[in-house]
Amino acid sequence: MTALHDVQRPPTRVPRYEAPTSLDAALQLLSDSPGRARPIAGGTDLLVELDGGGHADVDVLVDLGRIPGLDEITLDDDGIHLGPLVSHNQVVASQVCRTWALPLAQACLEVGSAQLRNRATVVGNIVTASPANDTISALLALGAAVEISSSGTRRRLDLIDFITGFRTTELGPHELVTGVIVPPMGEDQRGIFVKLGLRRAQAISVVHLAATVTIAEGVVSDATLALGSVAPTVVLVPDLAERLQGRPLDAGAITDAVNLASQTASPIDDLRAPASFRAELVETMTRRAFTALATDEQATQWPTEPPLLWGTGFDGRFPTGSGLGISVDHDGSITTTVNGATVSAAHTTGVTLLDWLRDEVGLTGVKEGCAEGECGACTVDLDGAAVMSCLVPAARAAGATIVTVEGLADDDHLHPIQQAFVDTGAVQCGFCTPGLIMACAKLVEEIPDPDQDQVVHALAGNLCRCTGYRAIEAAVAQVVTGAGR
Ligand SMILES: Cc1cc2nc3c(=O)[nH]c(=O)nc-3n(C[C@H](O)[C@H](O)[C@H](O)COP(=O)(O)OP(=O)(O)OC[C@H]3O[C@@H](n4cnc5c(N)ncnc54)[C@H](O)[C@@H]3O)c2cc1C
Ligand code: FES
Ligand code: FES
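When we follow my numbering, the leftmost residue of the sequence shown carries the number 6, and every step to the right adds one.
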């Protein structure tokens, strides 16, 4: 189907898309065109940068998403291993990470929204190397290392040495990060991650930090503190362990930690906050974090069952394997399953899944609010998980199963959540409604009786500018209680 005239189409940005199904093939593609081939994992950073005109020299995206085995979290004598496709929501759901790397799980839960966390990866977060990136401080505080591979070589670097400056790393254009290794916390070690943003979800941090302490026989034997958004890179506070060693973690020790943190931070004024506010936050947040560690309350704010917006058959890992590899350029077609029907259409590279569904498949229920992952209006079900379709390369849909709002109703019967939106008047202009309905449908599929906190958490990635959220919450409540059915 051709819905748009050529002049109406968004410009093609990266003309070629490759989805290899082995690591060797991905590395070969990178070494064949150094600097011109760019790896993509979740795409949540890269697609926004491309949309803003960045990476003009890139002419092929190498999507790692179909390579088997890169999405695993394992624990062995060497540590916790995160593959390069491990998403933030996989870490949130991982008992291994929650138990042995709590600050990392807490950091992952703070990233964006549930839809974003289903695609965005920990490795992508590290490679972008922004000082505001949440998992970097958690991983630095935990003493993590990265594994870097190119065709025929493999090396390992401490994360502290991997990040070389503001958004720069040691990574060469022909290299991939193929894993993150996190030392598990010991029985006598405690850790915490805390973040303050301008709102509770979808907010880059004004300040964040991660801290660990090891307390044996009542005194500190080791301590780390990493600060984010207060310097050109995430920074580790120097001399902290030496200052606290052999002392109980009491008010005096905590004040010393606060003073060291304050000396380490060199915040700037920016859109999110003035430097003076950030400097005060460093002190307040460090004091609160170490007080929580002293009283063993680092996990008290962890929600019992954070919604992931995963369908019943989805375990956090998207399908991979040889049947799913593709190589396509702009005029090439892909075949996918949308709302139960097989769909083939062209114009798949350089555009997002959102554009492709609307312009080529004709499904205009999928809305574009912001085109950068902020509003949730473009939420669709991709292979069983809710995702922001504006942050998915269209060609990634080859071989996928997609459900849009048009596919929710069963013959003449609305999906219960659609009916509930009608019954509770949860719609005003209706622009946000398809995305909200998709998120709500995923929520009640995953957690049939969500509590109020879970509803708020699940819908944090969806903005509504007119109805307000009470009627929307009432719609979910109607489905949960069965009222009105
Ligand atoms: C709306 C929105 C909200 C956000 N909120 C937050 C937030 O609260 N906290 C936060 O920290 N971040 C946030 N982010 C940023 C982003 O989601 C994260 O940094 C995410 O973890 C990036 O992972 P990705 O898999 O999507 O990376 P991609 O976009 O796929 O890649 C990011 C970079 O890493 C490179 N890359 C990817 N994988 C590899 C690899 N294996 N080897 C080498 N290079 C690789 C890519 O080439 C690219 O340069 C937000 C982004 C958006 C759009
Ligand atoms: S989140 Fe995709 S259009 Fe706003
Ligand atoms: S009903 Fe208008 S934006 Fe939500």
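Ideal Cβ placement from N, Cα and C applies to all residues, glycine included.
How far does the alpha helix (DSSP H) with residue i in it extend, from its first residue to its last?
i	result
F319	Here F319 belongs to no alpha helix (DSSP H), and DSSP marks it neither H nor E.
M443	T438 to E451
T260	A256 to T269
F171	It is not in any alpha helix (DSSP H) - F171 carries neither H nor E in the DSSP assignment.
V485	R475 to T486
Q33	L28 to D37
C424	For the sequence presented, residue 424 should be read as Gln rather than Cys. Here the alpha helix (DSSP H) through Q424 covers P421 to T429.
G129	V127 to T133
For residue i and residue j, I'd like the C-alpha separation in whole angstroms.
i	j	result
A376	L181	27 Å
S135	I209	10 Å
A246	L254	12 Å
R363	S394	11 Å
W307	R195	14 Å
G157	L87	21 Å
Q303	A476	35 Å
A231	E115	16 Å
A61	R18	8 Å
Y22	L66	5 Å
L52	V460	28 Å
S226	A270	24 Å
V356	T183	27 Å
A137	V239	7 Å
G473	A119	20 Å
G84	G48	27 Å
A278	E450	39 Å
H179	A399	24 Å
H335	T140	35 Å
A31	V127	19 Å
V371	P188	42 Å
E2	G257	Given that the chain is displayed from residue 6 to residue 490, the structure contains no residue 2 and the question cannot be resolved.
R283	G129	26 Å
G177	G58	22 Å
V91	V224	36 Å
Quick one: is residue i buried, meaning 16 or more other Cβ sit within 10 Å of its Cβ, or exposed?
i	result
I168	buried
V484	buried
S338	exposed
I186	buried
V427	exposed
F171	exposed
H462	buried
I131	buried
I220	buried
E310	exposed
D458	exposed
A346	exposed
F99	Just to set this straight, residue 99 is Ser in the shown sequence, not Phe. Buried, because 16 or more other Cβ atoms sit within 10 Å of the Cβ of S99.
A273	According to the sequence provided, residue 273 is Ile. The question's Ala does not apply to it. So I273 ends up on the exposed side.
R43	buried
R161	exposed
E365	buried
H93	buried
R490	No answer about R490 holds up, because its pLDDT of 41 lies below 50 and its placement is not dependable.
S418	Reading off the sequence, residue 418 comes out as His, not Ser. When all chains shown are included, H418 counts as exposed.
On a CA-only basis, which of the options is nearest residue i? Give me that one, please.
i	options	result
E285	P312, Q459 and V212	V212
S281	R322, V235, I259 and P312	V235
S327	P20, D336, L147 and G70	G70
C437	L329, C445, N467 and V449	N467
G404	Y22, I85, V348 and H179	V348
T300	I259, I331, L276 and T325	I259
K447	G473, I407, T472 and H418	I407
Q433	L203, F198, R470 and A399	R470
D416	N344, T353 and R124	N344
D388	D56, D68, N123 and R252	N123
G251	E222, G117, P243 and Q33	E222
Which residues mark the beginning and the end of the beta strand (DSSP E) in which residue i is found?
i	result
R283	Premise fails: R283 lies in the alpha helix (DSSP H), A280 to A299, not in any beta strand (DSSP E).
I341	Before going on, a small fix: residue 341 reads as Thr here, not Ile. Note, T341: beta strand (DSSP E), I339 to V343.
A24	R21 to A24
P44	A42 to I45
E247	Not the beta strand (DSSP E): E247 falls in the alpha helix (DSSP H), residues L245 to L249.
S154	A150 to S155
L80	I78 to D81
V187	L181 to V187
A216	S210 to A221
L87	G84 to L87
Please list, following the chain, all residues that have a C-beta closer than 7 Å to any non-hydrogen atom of ligand 2.
L359, K372, E373, G374, C375, A376, E377, G378, E379, C380, G381, A382, C383, M393, S394, C395 and L396
Hey, which residues come within less than 7 Å of ligand 3, measuring from Cβ to any heavy atom, in chain order?
V432, Q433, C434, G435, F436, C437, T438, C469, R470, C471 and T472
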